[in-house]
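Okay, structure first, notes after.
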Amino acid sequence: MAKKTAKSRTSGKPSASKKATRTATARKPTKVAAKKSGAKRAAASKAAKKAAVKKPAVATVAARNMKKATAKAASPRTKKKAASKSKSGARVVNTLKGISDIRRFFHRNEVPLYFISATNFNLLGADEWIKGFKFITYIDCFDGLHPNLMSPKTEEPHEEFQSIEDINNYLLTHSEVRDFIESRRMSSKSAGKALFLMFDEKTEELAKKAGLEVIFPPAKLRSWLDNKVNTNRVAEKAGVPCVPYVLSPVKHYEHLLAVAQKGKLGTDLVVQTPYGDSGHTTFFINSAADYDKYAKEIEAEKECKIMKRINCRGAAMEACVTRHGTIVAPLMTELVGFKELTPYKGGWCGNEIFADTFTPEIRAKARRYAKKFGDQLLKEGYKGYFELDYLIDKDSGEIYLGELNPRVTGASSITNHAVFALSDAPLHLFHTLEWMNEPYELNVNALNRRWAKDENIDSWGQMVIKYTTDDVQRVTEAPRSGIWRMREDGSIYFWRMDTHRRYVEKDNEAFFLRITRPGDWFYEGADMGILVMRGRMMTDDFQLTERAKKWLAAIRTQFKSVAPGAHGSNGHEHLLEIGGFKMM
Numbered sequence: 111m112a113k114k115t116a117k118s119r120t121s122g123k124p125s126a127s128k129k130a131t132r133t134a135t136a137r138k139p140t141k142v143a144a145k146k147s148g149a150k151r152a153a154a155s156k157a158a159k160k161a162a163v164k165k166p167a168v169a170t171v172a173a174r175n176m177k178k179a180t181a182k183a184a185s186p187r188t189k190k191k192a193a194s195k196s197k198s199g200a201r202v203v204n205t206l207k208g209i210s211d212i213r214r215f216f217h218r219n220e221v222p223l224y225f226i227s228a229t230n231f232n233l234l235g236a237d238e239w240i241k242g243f244k245f246i247t248y249i250d251c252f253d254g255l256h257p258n259l260m261s262p263k264t265e266e267p268h269e270e271f272q273s274i275e276d277i278n279n280y281l282l283t284h285s286e287v288r289d290f291i292e293s294r295r296m297s298s299k300s301a302g303k304a305l306f307l308m309f310d311e312k313t314e315e316l317a318k319k320a321g322l323e324v325i326f327p328p329a330k331l332r333s334w335l336d337n338k339v340n341t342n343r344v345a346e347k348a349g350v351p352c353v354p355y356v357l358s359p360v361k362h363y364e365h366l367l368a369v370a371q372k373g374k375l376g377t378d379l380v381v382q383t384p385y386g387d388s389g390h391t392t393f394f395i396n397s398a399a400d401y402d403k404y405a406k407e408i409e410a411e412k413e414c415k416i417m418k419r420i421n422c423r424g425a426a427m428e429a430c431v432t433r434h435g436t437i438v439a440p441l442m443t444e445l446v447g448f449k450e451l452t453p454y455k456g457g458w459c460g461n462e463i464f465a466d467t468f469t470p471e472i473r474a475k476a477r478r479y480a481k482k483f484g485d486q487l488l489k490e491g492y493k494g495y496f497e498l499d500y501l502i503d504k505d506s507g508e509i510y511l512g513e514l515n516p517r518v519t520g521a522s523s524i525t526n527h528a529v530f531a532l533s534d535a536p537l538h539l540f541h542t543l544e545w546m547n548e549p550y551e552l553n554v555n556a557l558n559r560r561w562a563k564d565e566n567i568d569s570w571g572q573m574v575i576k577y578t579t580d581d582v583q584r585v586t587e588a589p590r591s592g593i594w595r596m597r598e599d600g601s602i603y604f605w606r607m608d609t610h611r612r613y614v615e616k617d618n619e620a621f622f623l624r625i626t627r628p629g630d631w632f633y634e635g636a637d638m639g640i641l642v643m644r645g646r647m648m649t650d651d652f653q654l655t656e657r658a659k660k661w662l663a664a665i666r667t668q669f670k671s672v673a674p675g676a677h678g679s680n681g682h683e684h685l686l687e688i689g690g691f692k693m694m
């Protein structure tokens with residue numbers, strides 16, 4: 111999954127008769143009110159005269175009070191706070207002041223909001239923060255049990271999917287999806303707003319046709335920033351250090367060595383092409399034989415990023431560019447290249463979040479770099495959610511920028527369910543707020559300081575499990591999404607359905623999000639599912655813990671598959687639609 115219509119709602123406008131009544135009331139008091147005010151004036155006058163006989167000094171005070179009472183009775187009663195409508199009928203917008211107002215605003219939201227993607231993994235739980243938030247997905251990971259997820263029940267003709275963008279474009283043209291969006295339409299002009307993990311200019315056109323506003327910067331800008339070559343250029347402007355590198359086309363192996371020598375990079379190199387993810391387009395080259403494996407992909411590019419190979423650990427940090435500054439979440443470790451989880455060398459396969467990730471100095475640098483990078487993104491015209499991959503040199507202790515993901519990512523589920531997010535608001539909420547046309551005030555520096563505190567960071571880990579064998583199998587059985595429990599003998603059983611990992615309480619419990627369904631196909635690199643647990647999944651030297659290995663082995667046993675053409679059909683075969691591209 112990629113590290114990428116209906117009843118119209120009333121606007122709350124008062125009827126003409128009610129507006130007229132309110133206007134008349136504001137202009138002059140009613141007869142009853144006049145009688146009451148007259149009585150008050152008479153009583154006040156009588157009291158003043160009586161008081162004047164006994165205490166002349168008090169008479170002055172009473173007279174003043176009488177004048178105030180008379181003026182109050184005669185004047186229309188007005189509220190201190192601005193009304194929801196001005197005299198002209200235009201909506202008066204009150205500024206949201208701080209976290210409490212922002213949370214309340216979204217709990218009372220009336221704008222239909224959607225996350226449209228292959229699955230809802232990246233924004234699990236967002237529907238619990240935002241009223242009217244719905245998921246529209248190609249794969250229903252919850253077998254129809256998720257209360258706020260819509261997935262088409264029928265397959266309609268389409269071209270073979272080559273990317274998540276293709277999936278999203280298919281969903282936007284699907285008759286069931288169009289009907290669902292139309293059934294929740296706000297007005298003739300707007301059907302709501304939509305977030306996507308990945309989208310292109312065609313997606314933007316289809317969304318506009320459906321009446322949806324895409325609440326991300328334009329696809330053209332996102333694509334430019336997603337280019338790994340351009341990422342380094344932005345980093346240079348921001349003053350964020352990168353692993354020593356050279357940007358250049360590559361004609362052949364000897365040319366690669368010449369370019370590397372000029373940049374003083376050595377001969378043990380890492381070459382990245384502009385676009386790609388999870389190790390698909392990151393090539394480790396230390397010999398002509400290594401180069402020959404990837405020569406076609408490398409030489410096809412106009413420009414590649416050629417880096418010195420360092421002995422490093424991977425880390426990730428998510429952030430959000432807002433009008434008030436860049437909000438920065440805590441640093442996470444990355445699970446990278448584990449053969450038990452992914453067939454791709456250097457491929458991302460999970461994350462951990464815990465308070466003492468790396469050293470305090472590295473965490474502080476990562477936060478500072480993320481803020482600087484976010485501030486530069488704003489200058490480039492970008493706002494909203496982004497993620498930075500860091501490379502931490504084990505030998506020197508330096509931290510470098512690895513790459514930028516200008517979107518929500520596979521790590522977003524971990525970020526948005528951590529204690530700091532639950533205490534204040536998840537990062538995706540601040541992203542969405544930037545497109546809600548509401549003025550707000552927020553002390554970003556105070557929020558960042560709070561999120562950096564150890565007590566606001568609990569410990570969680572997630573493993574993204576891929577099919578690692580180089581063959582093709584048809585899936586006959588697959589585990590359900592929800593919370594699973596492990597017995598003492600290492601076997602597991604399904605405990606109950608849930609839509610995210612928040613209610614995992616003990617070490618013998620884990621949340622599993624199933625991606626591959628019965629009737630789907632296993633192929634090398636296919637996403638089987640995501641396993642989320644409390645605590646760490648790696649040791650301090652970045653090896654999988656025994657507990658993580660047990661859970662991985664146990665969840666794999668819940669899948670059953672057969673070779674193509676074998677007996678055992680369950681009648682629910684799906685076409686081999688989703689190929690070798692990441693869906694998270």
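Quick note: to get my numbering, add 110 to the position in the sequence shown (first position is 1). Note that CB positions come from ideal geometry on N, CA and C, so glycine has one too.
If you compare alpha carbons, which of the options is closest to residue i?
i, options, result
"Asn547", "Asn219, Lys330, Ile209", "Asn219"
"Phe290", "Val438, Lys263, Ala425", "Lys263"
"His527", "Val642, Leu501, Ile325, Arg627", "Val642"
"Lys241", "Tyr500, Phe309, Asp400, Asn258", "Asn258"
"Gly376", "Gln382, Leu367, Ala405, Lys660", "Leu367"
"Val706", "Glu411, Gly321, Leu488, Ser293", "The question about residue 706 has no answer here: the residues shown for the chain are numbered 111 through 694."
"Lys347", "Tyr280, Val438, Phe483, Ser358", "Phe483"
"Val672", "Trp631, Thr655, Met647", "Trp631"
"Ala317", "Ser297, Arg343, Met296, Leu281", "Leu281"
If you follow the alpha helix (DSSP H) that residue i is part of, which residue opens it and which one closes it?
i, result
"Ile291", "285-293"
"Gly208", "208-217"
"Lys319", "311-319"
"Asn558", "554-561"
"Ile463", "From DSSP, Ile463 is part of no alpha helix (DSSP H) but of the beta strand (DSSP E) over 458-463."
"Gln486", "470-489"
"Val642", "Premise fails: Val642 lies in the beta strand (DSSP E), 637-644, not in any alpha helix (DSSP H)."
"Val353", "Note, Val353: premise wrong, no alpha helix (DSSP H); not H, not E."
Assuming contact is defined by CB atoms lying nearer than 8 angstroms, are residue i and residue j in contact in what I supplied?
i, j, result
"Ser523", "Gln572", "yes"
"Lys493", "Pro327", "yes"
"Ile665", "Pro589", "yes"
"Val554", "His365", "no"
"Leu234", "His610", "yes"
"Asn461", "Thr443", "yes"
"Phe225", "Leu305", "yes"
"Leu539", "Trp334", "no"
"Phe464", "Ser569", "yes"
"Ala399", "Leu511", "no"
"Lys312", "Asn279", "yes"
"Tyr495", "Leu537", "yes"
Since residue i contacts residue j with CB under 8 angstroms, what's their CB separation in whole angstroms?
i, j, result
"Lys576", "Leu451", "6 angstroms"
"Glu513", "Thr391", "Not confirmed; about 11 angstroms, so no contact."
"Glu619", "Arg657", "That belief does not hold up - the Cβ atoms of Glu619 and Arg657 are roughly 12 angstroms apart, past 8 angstroms."
"Val614", "Ile593", "6 angstroms"
"Pro440", "Trp561", "6 angstroms"
"Phe252", "Ser591", "5 angstroms"
"Ala110", "Met417", "Nothing about residue 110 can be reported from this structure: the residues present for the chain run from 111 to 694 only."
"Ala415", "Tyr363", "The residue you asked about is not Ala; residue 415 is Lys in the sequence shown. Rounded, the Cβ-Cβ distance is 17 angstroms, inconsistent with contact."
Measure the alpha-carbon distance for residue i versus residue j and round it to whole angstroms.
i, j, result
"Val350", "Asn232", "27 angstroms"
"Gly675", "Val585", "12 angstroms"
"Arg132", "Val221", "For Arg132, the predicted structure reports a pLDDT of 34, less than 50, and the residue's modelled location is therefore unreliable. A value from the coordinates is still provided. In a straight line, the C-alpha of Arg132 is about 28 angstroms away from that of Val221."
"Asp336", "Met260", "29 angstroms"
"Leu307", "Thr283", "17 angstroms"
"Ile212", "Thr578", "44 angstroms"
"Leu557", "Ile567", "13 angstroms"
"Gly447", "Ile325", "33 angstroms"
"Ser273", "Leu623", "21 angstroms"
"Phe621", "Leu255", "16 angstroms"
"Thr432", "Ala425", "23 angstroms"
"Arg606", "Leu498", "35 angstroms"
"Thr180", "Ala531", "Below a pLDDT of 50, predicted positions are generally treated as unreliable, and Thr180, at 45, falls in that range; the measurement from the model is reported next regardless. Spanning the two alpha carbons is a distance of roughly 53 angstroms."
"Ser293", "Glu413", "47 angstroms"
"Arg473", "Ile437", "15 angstroms"
Tell me which residue opens and which closes the beta strand (DSSP E) that residue i is part of.
i, result
"Gly600", "First-last for Gly600: undefined, no H or E at that position."
"Lys415", "414-418"
"Val438", "435-438"
"Ile575", "570-576"
"Glu428", "422-432"
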